[in-house]
C-alpha cells in the first residue's frame with residue numbers, strides 16, 4: 000500500500016487471491032515482508048516501483064522572500080533558494096513565514112506529515128523571538144498569554160516571556176519577546192503584538208515543534224537527519240498532549256554540523272516606510288554559500 004498501488008485492505012485481497020509475487024514466487028501469506036527497492040514485486044505481472052523518497056528540508060528563511068512555490072508578482076520565493084542550491088525534489092513549505100519575517104521553515108514532499116504540522120487540532124508549537132517597540136508590562140504580556148481577539152475570534156493561549164530589553168537611542172527601549180503559538184493565523188504574532196500597542200519591528204522563528212538549529216545562516220538549508228524526522232513524527236502524533244509544554248521533545252539535541260547545501264543571499268539597504276515600521280530587506284539573486 001505504501002507504493003501507491005492499492006489501499007491496505009485491497010492489497011490484502013490481492014495477496015489472498017494469489018495475484019502478488021515476490022522474486023517470481025506467488026505470495027499468499029498476509030504480513031509477508033518485501034522491499035520494493037531490492038525485491039522484484041509484481042501485481043498481476045506488473046512490477047511495483049519503489050515510492051519516491053520523501054525529503055525533509057530545514058531552511059533559515061531570510062526576510063524579503065515569499066513562502067510559496069511561485070509568486071505572480073515575481074518576488075523571490077523560498078523555492079528559489081532551494082533551486083539555486085541544487086534541490087530538484089518537488090517540496091512545498093509547511094506553513095508560512097510572511098515576507099517580512101525570517102527564521103526556520105520546513106519544506107517537504109510528505110503531505111501527511113505536513114497536514115499534521117499545520118492543522119490547528121495538532122497544536123504544534125512554533126517559537127519566535129519577536130522584537131517590539133517599547134517594553135510590554137506584565138498585564139500586556141498576560142493578555143498575549145491568554146489570547147487576543149482577532150477577526151472576532153480569540154487566539155489560543157500562548158507561551159510568552161520577556162526575553163530581553165534593548166536600549167534604543169531613537170525612541171527609548173525595545174523588548175524581545177519569546178512567544179510560542181500553537182496555531183497559524185495570517186500574520187498572527189504581528190497582529191497580537193499590535194493589539195497590545197507594541198508593533199513588531201523584527202520577527203524570527205527559532206523552533207518548529209522539536210526542531211531547532213542555531214547554526215544555519217540566513218539563506219542556508221539542510222536535510223533533516225533520521226533522528227530529527229522520527230522526533231518530528233512522534234511530536235506530531237502526540238501533539239495534543241505534549242505541545243503545550245512549548246519545549247523540544249526529550250532526547251533530541253539541536254544539530255551542530257554545517258548545512259549540507261546553502262544559498263546565502265546578499266542584503267540590500269532597507270528603505271523606511273514610516274516612523275513605526277520598516278520595509279523588509281530584499282535580496283539579490285541568491286547564491287551558494
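In the numbering used here, the protein residues as written are 0 to 288. Note that beta-carbon positions come from the ideal geometry of N, C-alpha and C, so glycine has one too. Bear in mind the structure is a predicted one, so any value in this text is a computation, not a measurement.
Suppose you measure from the CA of residue i to the CA of residue j; what does that come to, to the nearest Å?
i, j, result
"residue 136", "residue 187", "20 Å"
"residue 35", "residue 19", "13 Å"
"residue 146", "residue 158", "10 Å"
"residue 154", "residue 58", "27 Å"
"residue 193", "residue 150", "14 Å"
"residue 92", "residue 75", "14 Å"
"residue 200", "residue 37", "54 Å"
"residue 140", "residue 183", "19 Å"
"residue 143", "residue 96", "20 Å"
"residue 223", "residue 22", "33 Å"
"residue 221", "residue 190", "31 Å"
"residue 264", "residue 109", "Because the pLDDT at residue 264 is just 45, under 50, the model does not fix this residue reliably, and the point stays unresolved."
"residue 48", "residue 17", "19 Å"
"residue 15", "residue 42", "12 Å"
"residue 66", "residue 152", "25 Å"
"residue 73", "residue 46", "42 Å"
"residue 77", "residue 68", "7 Å"
"residue 118", "residue 185", "14 Å"
"residue 24", "residue 156", "57 Å"
"residue 166", "residue 225", "42 Å"
"residue 56", "residue 237", "22 Å"
"residue 94", "residue 123", "11 Å"
"residue 7", "residue 33", "15 Å"
"residue 83", "residue 148", "41 Å"
Can you have a look at residue i and say buried or exposed, based on whether 16 or more other CB atoms are within 10 angstroms of its CB?
i, result
"residue 173", "buried"
"residue 64", "buried"
"residue 12", "exposed"
"residue 164", "exposed"
"residue 9", "exposed"
"residue 247", "Below a pLDDT of 50, predicted positions are generally treated as unreliable, and residue 247, at 42, falls in that range; no measurement from the model is reported."
"residue 292", "What the structure shows of the chain is the stretch from 0 to 288, and residue 292 is not part of that stretch, so it cannot be assessed."
"residue 71", "exposed"
"residue 28", "exposed"
"residue 85", "exposed"
"residue 373", "Outside the modelled stretch of the chain, which goes from 0 to 288, sits residue 373, for which no answer is possible."
"residue 256", "Unreliable placement is indicated for residue 256, whose pLDDT of 46 sits below 50; no coordinate value is reported for it."
"residue 259", "Only weak support is given to the placement of residue 259: the predicted model assigns it a pLDDT of 48, under 50, and the value that follows is read from those uncertain coordinates. When all chains shown are included, residue 259 counts as exposed."
Hey, residue i and residue j: beta-carbon distance below 8 Å or not?
i, j, result
"residue 125", "residue 195", "no"
"residue 212", "residue 104", "no"
"residue 297", "residue 178", "Residue 297 lies beyond the residue range present for the chain, which begins at 0 and ends at 288; the question has no answer from this structure."
"residue 170", "residue 132", "yes"
"residue 62", "residue 31", "no"
"residue 235", "residue 115", "yes"
"residue 54", "residue 90", "yes"
"residue 112", "residue 232", "yes"
"residue 205", "residue 175", "no"
"residue 227", "residue 215", "no"
"residue 218", "residue 80", "yes"
Report whether the distance from the Cβ of residue i to the nearest heavy atom of the ligand ADP is below 7 Å.
i, result
"residue 139", "With respect to the ligand ADP, the structure shown offers nothing to examine, as it has no ligands at all."
Thinking just about the alpha-carbon of each residue, which of the options is nearest to the one in residue i?
i, options, result
"residue 52", "80, 88 and 45", "88"
"residue 120", "94, 60 and 181", "181"
"residue 202", "14, 41 and 60", "60"
"residue 198", "218, 160, 134 and 138", "134"
"residue 138", "167, 160 and 56", "160"
### Message
Which runs of the alpha helix (DSSP H) at least 4 residues long sit entirely within the stretch 129-171? Give them in chain order.
### Response
137-145
### Query
Could you give the uninterrupted runs of the beta strand (DSSP E) lying entirely in the stretch 29-66, keeping only those of 3 residues or more?
40-42 and 55-60
### In chain order, each alpha helix (DSSP H) run of at least 4 residues that lies wholly inside the stretch 59-125
77-83 and 110-117
### Task
Could I get the ranges of all uninterrupted beta strand (DSSP E) runs contained in the stretch 160-231, with 3 residues as the minimum, in chain order?
Restricting attention to beta strand (DSSP E) runs no shorter than 3 residues, the stretch 160-231 encloses them at 173-180, 199-207 and 219-222, ordered along the chain.
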